[in-house]
Structure formats: structure tokens, C-alpha cells
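Reading through the C-alpha cells given below for one structure.
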Amino acid sequence: MQSAAQGAARTVSVNRVDGRLKVTGGARYAADHLAERAAHGYLVLSTVALGTIRSMDVAAAERAPGVLAVFTPFRKLELIGGGNPFSVGHSWLPLQDAEVRYHGQAIGLVVAETFEQARDAAALVSADYNVRPPAASLPDGIPRAADPGRINGEPSVLDMLADGVGTIDEALASSEVTVSGTYRQPIKHHSAMEPHATVAVWQDDQLTLHNGTQSTSLTVGTIAAALGIEATQVRVISPHVGGGFGNKIATWAHPLLAAAAARTLGRPVKVVLTREQTFTITGNRSAVQQTVTLGARRDGTLVALKHQAYSSQSTSGGIFESAPHTTSRYLYRAANVHLDQKIVTLDVPPPTWMRAPGQESGSFALETALDELAVKLGMDPVALRLRNYATVYPGRNVPWSSKHLDECYRVGAQRFGWDRRDPAPRSDVRGEWLVGTGMATAVYPGERFPASVKVRFLADGDVAVSSATADLGTGMWTVLAVLGSEALGLPVARIRTDLGDSTLAANIGAFGSGATASTGPAVGVAAEAARTELINLAVTHERSPLHGVPAADVQYDRGELVAPGRRIGFAALLQAVDVAGVEATGSAAPGPEHGQHAFTSFGAHFCEVRVNRWTGEPRLARITTVIDGGAIINAKTARSQIIGGVIFGIGQALLEGAQVEPATGRIANANLAEYLLPVNADVPPIDVHFLDHPDTLFNPLGARGIGEVGTVGVAAAIGNAIHHATGRRVRDLPITLDKLLD
68 MQSAAQGAAR TVSVNRVDGR LKVTGGARYA ADHLAERAAH GYLVLSTVAL GTIRSMDVAA
128 AERAPGVLAV FTPFRKLELI GGGNPFSVGH SWLPLQDAEV RYHGQAIGLV VAETFEQARD
188 AAALVSADYN VRPPAASLPD GIPRAADPGR INGEPSVLDM LADGVGTIDE ALASSEVTVS
248 GTYRQPIKHH SAMEPHATVA VWQDDQLTLH NGTQSTSLTV GTIAAALGIE ATQVRVISPH
308 VGGGFGNKIA TWAHPLLAAA AARTLGRPVK VVLTREQTFT ITGNRSAVQQ TVTLGARRDG
368 TLVALKHQAY SSQSTSGGIF ESAPHTTSRY LYRAANVHLD QKIVTLDVPP PTWMRAPGQE
428 SGSFALETAL DELAVKLGMD PVALRLRNYA TVYPGRNVPW SSKHLDECYR VGAQRFGWDR
488 RDPAPRSDVR GEWLVGTGMA TAVYPGERFP ASVKVRFLAD GDVAVSSATA DLGTGMWTVL
548 AVLGSEALGL PVARIRTDLG DSTLAANIGA FGSGATASTG PAVGVAAEAA RTELINLAVT
608 HERSPLHGVP AADVQYDRGE LVAPGRRIGF AALLQAVDVA GVEATGSAAP GPEHGQHAFT
668 SFGAHFCEVR VNRWTGEPRL ARITTVIDGG AIINAKTARS QIIGGVIFGI GQALLEGAQV
728 EPATGRIANA NLAEYLLPVN ADVPPIDVHF LDHPDTLFNP LGARGIGEVG TVGVAAAIGN
788 AIHHATGRRV RDLPITLDKL LD
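In my numbering, the protein residues as written are 68 to 809.
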């Protein structure tokens with residue numbers, strides 16, 4: 068078997084090792100943890116968007132059956148640490164002051180014997196406010212937009228101009244053909260299947276927190292700082308996460324309050340957010356308004372690219388979408404580029420990371436504008452993109468470590484049947500349906516973080532592979548098993564994996580599409596170190612059959628130690644010497660290559676839509692997606708990742724959007740009845756194909772991240788197909804049927 072460390076292309080496709088647990092209900096999520104004597108907490112939320120709480124009436128709640136305590140800014144739980152974007156999801160700690168910063172902010176916690184008692188008592192709490200008018204509309208706030216200063220280490224207003232060109236507008240004026248469009252999309256919500264939940268258990272001065280999180284290590288640091296204790300006093304456990312998409316990176320109000328309440332009451336406290344509460348408590352994707360202006364020669368060569376964006380930010384801080392710098396900054400070769408990112412601070416819940424932050428929103432504007440340019444030029448959209456193909460990272464002129472985006476275009480076009488396309492809008496009418504096709508590019512940077520893994524040979528013949536990373540449904544349980552299997556030459560069934568526990572080998576977690584690329588190389592390092600420890604035990608232990616053999620003469624071969632004339636399996640060895648296991652920890656991290664190359668995953672989407680001529684109803688017929696993501700560790704789970712990303716993009720294109728009332732700041736559709744998500748009936752057949760070119764400059768596995776690239780460009784491809792079907796260009800998301808009616 069060829070080692071994974073050699074970066075060989077692979078065709079591994081195995082079932083999820085945690086699949087049986089999930090389908091039988093055996094997988095335990097945060098809210099499933101049953102702590103003895105656990106009390107239940109329920110958040111009280113503000114009913115205004117901006118103001119100061121004058122007083123709160125908690126008397127009726129305190130008299131309600133089963134109530135143990137009611138905590139408010141006037142009856143505080145002690146929290147002392149400050150907030151920052153990588154820890155607390157906002158710039159303040161809950162219940163520490165009487166300020167209300169957005170509608171739906173946590174202003175109280177009722178703790179009772181049961182969830183129902185806590186919920187019912189919370190409804191009895193009332194608050195009296197000094198109310199101020201909120202700013203809750205992105206369009207209204209654009210005149211006072213601010214410059215955030217820097218984006219990804221570069222100026223938020225960035226010009227890359229050719230010699231002799233004074234401004235981007237000069238370059239546009241000299242272009243033979245120009246197009247310009249303004250593109251809008253509302254606030255979006257993560258809407259993971261598993262609502263946020265936490266269970267806090269103290270034993271003496273040690274806290275164990277069962278918390279749905281993408282990073283147990285970041286949660287440990289945040290909780291320890293907020294409670295004024297050492298990180299060694301906190302253990303965070305999160306083996307299964309029912310979806311995160313970015314909003315389970317930060318530590319929000321509920322685990323902070325649960326931990327503090329449990330310490331105060333001297334008993335465990337469980338807090339499970341309702342679906343409506345997740346719309347305000349745990350972050351969102353910024354609303355974004357963008358204007359893209361393109362200038363080109365008549366042959367399609369880009370002369371100028373101007374990308375301006377306004378993104379919503381919260382007075383509470385958070386992570387806003389930076390669209391121009393994550394798409395137009397590097398996707399195409401253009402002689403002159405101008406990027407301009409502004410933020411509009413609003414009295415709304417804080418934005419946070421959401422799958423492909425910046426790239427998802429930016430790609431809708433850029434890839435739609437490219438299609439508009441193709442239409443104006445009478446040029447094939449694929450040919451236009453190939454004409455402006457970037458062979459080096461624009462502006463930095465460093466090479467891509469591995470880029471096969473041109474192959475994505477060609478393979479995708481062939482699989483989809485793009486050559487049968489009549490470019491004229493409304494050229495394909497089938498009964499009452501107008502049929503159109505469209506395409507767009509996908510792009511997401513390759514991220515890699517320091518990570519450690521422990522490999523332990525066990526006396527029963529299995530091998531344990533563990534790390535403090537997370538699995539959000541992304542397949543990390545299986546990735547660890549597959550890589551452990553390859554590194555040790557053992558069947559996947561003999562690899563026991565463990566993750567989602569802050570006491571395991573250090574790992575920052577799963578986000579930025581960096582989990583596999585970061586953790587995977589550490590598996591090989593740990594496996595090699597564990598093999599060395601096994602050999603050392605074999606040649607030094609007096610009861611070992613290989614005692615006294617020079618270590619250099621002993622080789623590891625698919626679970627056995629081989630010396631001249633002798634061979635023994637590691638289980639037999641451990642049993643012979645009466646040792647339960649032999650282990651070693653290995654670590655891996657980015658090296659100097661990260662300043663010498665650009666690391667990016669690429670893809671191309673092709674889709675067919677049908678729009679009803681009479682009702683305006685848009686229906687997706689099929690989607691083809693081709694991905695250049697380096698080596699694919701497990702094709703089965705990888706394909707699921709891309710399908711999930713595409714479905715994310717379907718939601719962006721056709722369904723999703725928070726309806727924020729400008730006068731009140733209230734999210735009017737904070738529920739899954741009115742905040743619409745794609746369901747099976749909305750999802751067409753999705754053909755996913757991986758090129759599987761290992762990127763060994765990025766890491767020894769040759770694997771880049773794919774968790775987010777699949778959603779980038781989907782909305783643009785759908786919008787472009789709708790234009791082809793109807794001749795109508797919709798620049799405001801979501802594309803609902805009312806926007807398609809004459």
C-alpha cells in the first residue's frame with residue numbers, strides 16, 4: 068500500500084465510521100448529556116433593539132414552580148473576561164450591564180428543575196426600558212459607512228494598477244466594453260440541524276462543559292478567562308456536532324451563563340437554545356451590497372475590475388463579510404483592479420463566520436458580472452473565464468501550489484453538455500417552462516493550522532487515533548480512521564478514532580476548511596513516532612521475543628514487527644510483555660512554503676433551471692460541480708461535503724434571507740416556517756466530480772480543504788441560468804418568483 072504521506076492520488080471511499088451511531092441514535096450531542104441533578108436554564112431575551120434596561124420584574128418568575136434562580140444584569144452572574152472575535156462572539160459579556168444592543172439579546176437566565184418550568188417562568192419576566200431608535204437597515208446606513216482599515220492584511224481600499232494608469236476609473240473609461248451592476252443579499256442564518264446547547268458540570272474547582280463547538284480548545288480559553296480560572300481547570304467535550312457552518316466557533320452567551328450559574332448554584336446546569344433564540348444569540352452572515360464594474364477589450368480580456376462592497380456590522384462587533392478581497396482580489400487576471408470594502412454598523416445581532424465568509428457573497432456579484440459581460444460581448448461564459456485565467460496570484464506574482472481550474476471548466480462543460488447550449492435567452496421553451504443554463508467559478512483558500520495527533524497501539528490489536536479536533540458532520544471521524552489505516556497498513560475497522568475533547572492531543576478544531584489539511588499530516592507523524600516506540604519496546608523489554616535485536620534490524624510491516632528470521636504482531640508483543648499500549652504524539656504545521664506559493668481550492672458549477680412562464684416559479688433541474696481540491700482522502704464523505712455546499716448555495720440563491728424590521732430591529736422570520744431553507748423538493752440531482760490532483764506543496768497528504776468551496780459561485784450559476792431562461796437579470800437575493808413575474 069502506498070503511504071498517504073506520499074500524496075498519491077487515491078480512490079478510497081468508505082462508510083462513515085460514526086454512521087451507525089448517528090442513524091441508531093447512539094451519537095451523543097451536547098444536549099444529550101445527562102448530568103445527575105442537572106437544572107435547566109432558559110434565556111430571557113430583550114424585546115427592544117436599542118436602549119437601557121431601567122428595571123426588571125422577576126418576582127413572579129421566582130415564585131413559579133421549580134425555579135431555583137433568576138439572573139439578570141441586576142442580579143449578576145460573575146463574569147470577568149473581555150470578549151474578542153476568536154472567543155466570545157461579541158464585544159461584551161452577557162448580563163454584566165443594562166445596555167441593550169440588539170433585539171433578542173440575552174438579558175436574563177431563569178434556572179429551574181425542568182426545561183418546561185424554566186421556559187414558563189422566563190415568560191413571566193418583564194423589563195422596563197429606556198428605548199432609543201435603532202439603526203437596522205443596511206441601505207439606510209450606507210451614507211455613514213466606515214472604512215474598516217485592513218482586510219486580510221491588506222488595505223480595505225486597494226488599487227493594483229498598470230503603469231501609467233492613475234485611477235481605476237481611467238482604466239474603465241479606456242475600455243472598449245463596460246458593464247456594471249449592483250448586487251444585494253440580506254442577512255443569512257446558519258440554521259444547523261442541532262440547535263446550540265451546553266451542559267456545565269463542576270466537581271470541586273474543575274469544570275466539564277459539554278458544548279456543541281467547532282473548537283474545544285478555543286472554548287476552553289474563553290470559558291477560563293470569563294470565569295477567572297486557569298485553562299487547566301476546564302474540560303470541553305464535543306464528540307458530535309450537528310452542523311456548525313462557522314457559528315459554533317465562538318463561545319456565545321449560553322455556555323458562559325450556564326458555567327457561571329452552575330458554579331453559583333452548586334449543581335449542573337443545562338441550557339438548550341430554542342430555534343428562535345439561535346437567530347439572535349449565535350450570529351449570522353452580514354447583509355452585503357456590492358457594485359462590480361468591469362471593463363474589457365472586445366476579445367474579452369479584462370482591462371479593469373472595480374469591486375465595491377458595503378457589509379453590515381454590529382455595534383456588538385463580530386466578523387463581517389469582506390467580499391471584494393476574497394474574490395476579485397485574486398480570481399482573475401486583470402490589468403487594473405480596485406477593491407473597496409466598507410462597513411455599516413447597525414443595532415443588530417453580531418455577524419460571525421458562515422460557510423465561505425466573503426467568498427459566498429463576493430462570488431455572487433463577481434460571477435454574475437462576468438456573465439453580464441459575456442452576454443454583452445456575445446462570448447461564451449466559459450471562454451471568457453479562460454481568457455482571463457490567472458496563472459499566478461495577481462498582485463503578488465507568486466505561483467499557485469497547484470491549480471487546475473481550467474480542467475474544472477473543461478470537465479464540467481463536457482459532463483454537463485454545455486456545448487449543446489444556445490446562448491440566446493429564452494431560446495429553450497418546453498411547454499410552460501423556460502429552460503436556461505448557467506455556470507460560475509468556485510474558489511476558496513487552502514487553510515492549514517498547527518495540529519497534533521496521538522496514535523496508540525492497543526493490546527487487543529486495534530489502534531487508537533485521537534485529536535482534539537471536531538466533526539461537524541464533515542467526516543473527521545472517518546478521515547482519522549482512513550489516514551490511520553493508510554499510515555499503519557491496517558484495515559479501517561481496526562482503527563479506533565476519538566476527537567472532540569479538549570484533553571486530547573492539541574488541535575484548534577474544524578473551520579476554514581482546514582481540519583483535514585491540518586490534522587491529516589499529523590496522523591502520519593504520530594504513526595511514525597508510535598512505530599518507533601513500539602520497536603523500542605520490542606528490543607528493550609526482557610520478555611519480548613525481539614529483546615536484544617538491534618532496533619535498526621526491526622521493521623514495521625502492516626501491524627507486525629519483522630526482524631531477521633522473526634515476525635510478531637504488535638498485539639502479541641504487547642500481551643507478551645504485559646503492556647496495555649504504546650503511544651506517541653505527532654505534530655504538523657505550515658512551513659516556509661506558505662510564503663512562497665498561493666494555496667487555493669477551485670471548482671466550477673454548471674446548472675440548468677426551469678422557470679414557469681405563467682407563475683414565475685424557478686425550479687432547479689440539475690447541477691454539475693467539478694472540484695480541484697487536491698488529494699481526496701475519502702471520496703464518499705468528500706462528495707457529501709460538496710453536495711452540502713451546493714445546497715447551501717441553493718438556499719442563498721432562491722430562499723434564504725432574514726427580514727429585519729428597520730423600525731424595531733426585530734427579525735420577523737426567526738423560525739423555520741418563514742426563514743426558508745432548501746428541502747429535498749428544492750434539490751435537483753447533483754453530479755460531483757473530483758479532479759484529485761495531490762497538492763504536495765501544501766502538505767504531505769496533498770489534500771486541501773473542500774468544506775466551503777462547494778457553496779462559492781452556486782448562487783451566481785443559478786442566477787445566470789435564470790437570466791438565460793428568462794432574459795431577466797435578478798441582482799437581489801433571494802431570487803423569488805415575484806422578481807420573475809412580468
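Every residue gets a Cβ at the ideal spot worked out from N, C-alpha and C, and that includes glycine.
Keep in mind the model is a prediction, meaning the values are calculated, not measured.
Start and end residues, alpha helix (DSSP H) containing residue 787 = 781-793
Neighbourhood of residue 629 by C-beta distance below 6 Å, restricted to the same chain and skipping five residues each side = 622
Span separating the alpha-carbon of residue 423 from that of residue 389 | 11 Å
Any chance you could list the beta strand (DSSP E) runs of at least 3 consecutive residues sitting entirely within the segment 440-512, in chain order?
-> 500-512
Starting from residue 715, trace the alpha helix (DSSP H) both ways and give me its first and last residue.
-> Unbroken alpha helix (DSSP H) run through residue 715: 702-721.
For residue 458, is the classification buried or exposed, using 16 other Cβ atoms within 10 angstroms of its Cβ as the cut-off for buried?
-> exposed
Only counting runs of 3 or more residues, tell me where the beta strand (DSSP E) segments fall wholly within the segment 308-385, in order along the chain.
-> 336-339, 355-363 and 369-381
Touch check for the segment 281-292 and the segment 572-583: three-plus C-beta pairs under 8 Å?
-> yes
Give the C-beta separation of residue 226 and residue 405 to the nearest angstrom, bearing in mind that I take them to be a contact with Cβ-Cβ under 8 Å.
-> Contact flag correct, Cβ pair sits at about 5 Å.
Whole beta strand (DSSP E) elements within the segment 185-237, 3-residue minimum | If we require 3 residues or more, the beta strand (DSSP E) runs fully inside the segment 185-237 come out as 193-198 and 224-227.
Since residue 650 sits in a beta bridge, which residues does DSSP pair it with?
-> 523
Would you say the segment 603-612 touches the segment 651-664, given that touching needs at least three Cβ pairs under 8 Å?
-> no
For residue 245, the first and last residue of its enclosing beta strand (DSSP E) = 244-252
Could you tell me which residues DSSP pairs with residue 166 in its beta bridges?
-> Residue 166 is bridged to 119.
Delimiting residues of the alpha helix (DSSP H) encompassing residue 596 | 582-607
Hey, how far is the Cα of residue 646 from the Cα of residue 525?
-> 9 Å
For residue 429, collect the residues of the same chain with a Cβ closer than 6 Å to its Cβ; drop the 5 residues on either side in sequence, then sort them by chain order.
-> Only 390, 393 and 394 meet the Cβ criterion.
Bridge-paired residues (DSSP) for residue 627 | 624 and 636
Near residue 373, which residues of its chain fall below 6 Å by C-beta distance, leaving aside the five closest residues on each side in sequence?
-> 235, 360 and 405
Between the Cα of residue 277 and the Cα atoms of 296, 436, 129 and 567, which residue gives the shortest distance?
-> Nearest option by C-alpha distance: 567.
Excluding five sequence neighbours on each side, which residues of the same chain lie with their C-beta closer than 6 Å to the C-beta of residue 438?
-> 448 and 787
Considering residue 392, what are the terminal residues of the alpha helix (DSSP H) in which it resides?
-> Run containing residue 392: 390-393, per the alpha helix (DSSP H) assignment.
C-beta atoms of residue 324 and residue 141 nearer than 9 Å = no
What three-state label does DSSP hand residue 300 in the structure shown?
-> Residue 300 falls in the helix class under three-state DSSP.
Sort 377, 270 and 369 by Cα distance to residue 334 and report the nearest one.
-> Of the candidates 377, 270 and 369, the one whose C-alpha sits nearest the C-alpha of residue 334 is 270.
Once you ignore the five residues that flank residue 811 on each side, which residues in its own chain have a CB closer than 8 Å to its CB?
-> Outside the displayed span of the chain (68 to 809) sits residue 811, for which this structure offers no information.
Who are the Cβ neighbours of residue 563 in its own chain at under 6 Å, not counting the five residues just before and after it?
-> Here the set comprises 529 and 531.
Beta-carbon proximity list for residue 516, same chain, < 7 Å, skipping 5 on both sides | Around residue 516: 575, 581 and 585.
When 133, 221, 122 and 535 are compared against residue 194, the one with the closest alpha-carbon | 122
Count the C-beta pairs between the segment 534-550 and the segment 477-486 that are closer than 8 Å, then say yes if the count reaches three, no if not.
-> With fewer than three CB-CB distances shorter than 8 Å, the segment 534-550 does not count as touching the segment 477-486.
Given a threshold of 16 other Cβ atoms within 10 Å of its Cβ, counted over all protein chains shown, does residue 745 qualify as buried or as exposed?
-> buried
Can you say whether residue 266 is buried or exposed, counting buried as having 16 or more other CB atoms within 10 angstroms of its CB?
-> buried
Alpha carbon of residue 362 to alpha carbon of residue 228, nearest angstrom = 13 Å
Expected contact under 8 Å - CB spacing of residue 773 and residue 713 to nearest Å | Residue 713 and residue 773 do not touch by the CB rule: their CB atoms are close to 12 Å apart, not below 8 Å.
Is residue 377 buried or exposed, if buried means 16 or more other CB atoms sit within 10 Å of its CB?
-> buried
Roughly how many angstroms lie between the CA atoms of residue 252 and residue 83, to the nearest whole one?
-> 35 Å
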